Each structure stands twice: as structure tokens, then as C-alpha cells.
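In terms of the UniProt record's numbering, the sequence shown is residues 1 to 309.
Even for Gly, the Cβ is constructed at its ideal location relative to N, Cα and C.
Please read these numbers as outputs of a predicted model, since none were measured by experiment.
To start, the structure under review is shown below, and the notes come after it.
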Amino acid sequence: MDVRSELSKTTLFQNLELLAHQIVEGFISGIHKSPFHGFSAEFAEHKIYNPGQSTKHIDWKLFARTDRLYTKRFEDETNLRCHMILDNSASMYYPEVKEYSLGNLNKIGFGVLSIAALMQILKKQRDAVGLSIYSDTYDFHASEKNSERHFQMLYSKLNEVATHTPKTKETKTYTFLHQIAEKIHRRSLIFLFTDMFQTETEEEKLFEALRHLKYNKHSVVLFHLLDNEHELYFDFDNTPKRFVDVETGEQIDLYAHSIKKAYSETVLQYQKDLKLKCAQYQIKYVGVDIGADFSQVLNSFMIERQKFA
């Protein structure tokens, strides 16, 4: 069954938890294409065996089926504290979407569904999850917990964000990243979902805020969300268009083809600089095209989850 096409028939975000569950199941069904071949639905109840660990809890039946060593996870075992950060600024609501489907998402819709899907995995693994959301203000913060009530509260908040109508307001991401960093006290795996749109004069402040997130030995993954077709490659037909900055309201009229080459070069250079800065600060950078599926986010999570110790 094509999970993506089946889900597209439903009203998105009506039941965010169910939708997230189906996305994860679709990912697992195609997991043989990923580095985790053989790690099927059991992955939520197992973790990869690392040499030097006790062999006492190895699941030998799973080894017989997969030819890989996994150890069993226990009910009272909370192996990870994970904090999700979602940029809820006006630019994240690009492109304008009248009716959501899995093949028709804006950046905020993609971010919400990505976080919900990761929460599904973390919930099964009995890991603790926290959430921070910012726009022009620090909208929401919840510390890391793993109770059912806590997860339901987070799903409710994400659903509220997904159906929100944005206002044209600027945000200074670096301000809120500093505030969020101050609130995460215990070592955690941090996922930041943002389009990273800042003015040039604010780039250094933003990089400094990203470095602040690394304090206390946190591991940080930056999911850089872009609508590649339009925001990276500026692929518009060559008719006169009015482009409006969704955060400042500024407008400019032009033919897209007249600036396409220069625009793409500038954005690609910014992306390259961002990757280099992230590497310098030991932050995992993942460029994500919201026109693609969720496998890049979920695969990146699986890799970072195994590295986090």
C-alpha cells in the first residue's frame, strides 16, 4: 500500500498522532532501502548492540531473523532526553497552502509532521520529549517528560500550530535559541526545525546562538527546511510577479528569470556557509526539501539516536 497516497485522502492534522503513526509505519516498511536493513517494526523495542556490552540481553531470535545483534529495551529504561524546537515565524508558512496533503505541505506543516513522527518513535522507546516553539515571541515551552498525558499535550499544541494563521511579523531566531538553551538543563538530543531566514547582519548572532545550544554536552541536529523548487532554485515562470516578504511585508516586482541565477547562487552560498559553521560547532546539518518525503528526517534521527550515548 502506498501510505503517502492513502494519507493524502484524509484531512491532515485531524488526528495528528494517527497520522504520525502511519508515517512511521510507512518508513519502517521501506527501511530495507536505508542503512537499517533488517531493523523492522521491532526497532522501537530494541537497540543496537555495541561491542563490549554484556551479551546477557541480546535478542537471539531477532538475530536469527536479521543477522544483526540487538539488545532488548526494558519498561523502566529512559535512554534519551530529546528536545524539539520549531520555528513558527511567518516565513515558515510558505508556500501558501489552501488544503494540506502529504504532497502539498508548507514548511510549518512539514515541521509539525516531522516532530509528531519522531515523537511516535520516542514514545515507543519510552524516551522523554520536550518542545519549544517560537515566532516573534517565545510561544511555548515544555520540559522533557515521557508520560502519556505529556505526549497528548504536545500533539495538541502541534495541531494548534499546524492550523494557525500566521501574522506578518519578524522574528529574531537567535534571541529565542539563547532562551531555549538556558532552559534545557540535562544533557539532551536537540532537533531544530527552521528555514534559517535571517538578515545578513544577524548571521553571526544566529551562529553564536546555535553554539549556545551545544553547551552542557547536548547533541544538536539542525533540519534546514526549504521549498527547494522555489526557495533554492527560484523556479517560477517568466511572467512579471510581485514578491512579498512574509515577515516584513516589503514588496518587489520583477521577472523571476532576471535574477534566478544570482538568487540561486546566493542561497546556495548561504547554505554552504551554514554547513561549514555547523561543522565547526559540531552540529549536524541536514538540508530538507519539504517537497520530498519524511525519510531524510527519520533516517537522520535513527543515525543520531544510535550515536547519542
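Three or more Cβ pairs drawn from the region 223-231 and the region 183-199 lie within less than 8 Å of each other, which places the two stretches in contact. The alpha-carbon of Lys-124 is positioned some 16 Å away from that of Ser-114. Unbroken alpha helix (DSSP H) runs of no fewer than 4 residues, entirely contained in the region 176-239, are found at 203-213, following chain order.
With at least 16 other beta carbons inside 10 angstroms of its own, Phe-13 counts as buried. Within 10 angstroms of the beta-carbon of His-83 lie 16 or more other beta-carbons, which makes it buried. The criterion of a C-beta distance shorter than 8 Å is satisfied by Ala-128 and Lys-145. Shortest Cα-Cα distance from Ile-190 to any of His-257, Ile-23 and Ile-283 involves Ile-283. Counting C-beta pairs closer than 8 Å gives three or more between the region 202-217 and the region 164-181, which meets the contact rule.
Shown here for His-21: same chain residues with a beta carbon closer than 7 Å to its own, the five before and five after excluded, namely Gln-120 in chain order.
Taken through DSSP and simplified to helix, strand or coil, Leu-69 comes out as coil. Taking the Cα of Val-220 as reference, the smallest distance to any Cα among Val-297, Glu-304 and Gly-130 is reached at Glu-304.
For the options Gly-111, Pro-166, Lys-217 and Thr-171, the alpha carbon positioned closest to that of Tyr-281 is the one of Lys-217. By the 16-neighbour rule on beta-carbons within 10 angstroms, Tyr-215 is exposed.
By the CB criterion at 8 Å, Thr-66 and Ile-58 fall outside the cutoff.
Secondary structure of Gly-109 (DSSP, three-state): helix. Between the C-alpha atoms of Thr-137 and Glu-202 there is a straight-line separation of about 17 Å.
Short of 8 Å from the beta carbon of Phe-301, and not among the five residues preceding or following it, lie these beta carbons of its own chain, in chain order: Leu-118, Ile-121, Phe-191 and Val-221.
Annotation for Gly-130: the continuous beta strand (DSSP E) segment containing it runs 128-134.
Looking at Lys-260, Phe-236 and Ile-133, the one whose alpha-carbon comes closest to that of Val-112 is Ile-133. In the DSSP assignment, Met-302 falls within the unbroken alpha helix (DSSP H) covering 295-307. Within the region 140-179, the complete alpha helix (DSSP H) segments of 4 residues or longer fall at 148-162, listed in chain order. For Lys-261, there is no enclosing beta strand (DSSP E); the residue is part of the alpha helix (DSSP H) that begins and ends at 256-280. Gly-291 is positioned such that its CB atom lies no closer than 8 Å to that of Gln-271. Note on Thr-173: 16 or more other CB atoms within 10 angstroms of its CB, so buried under the neighbour-count rule.
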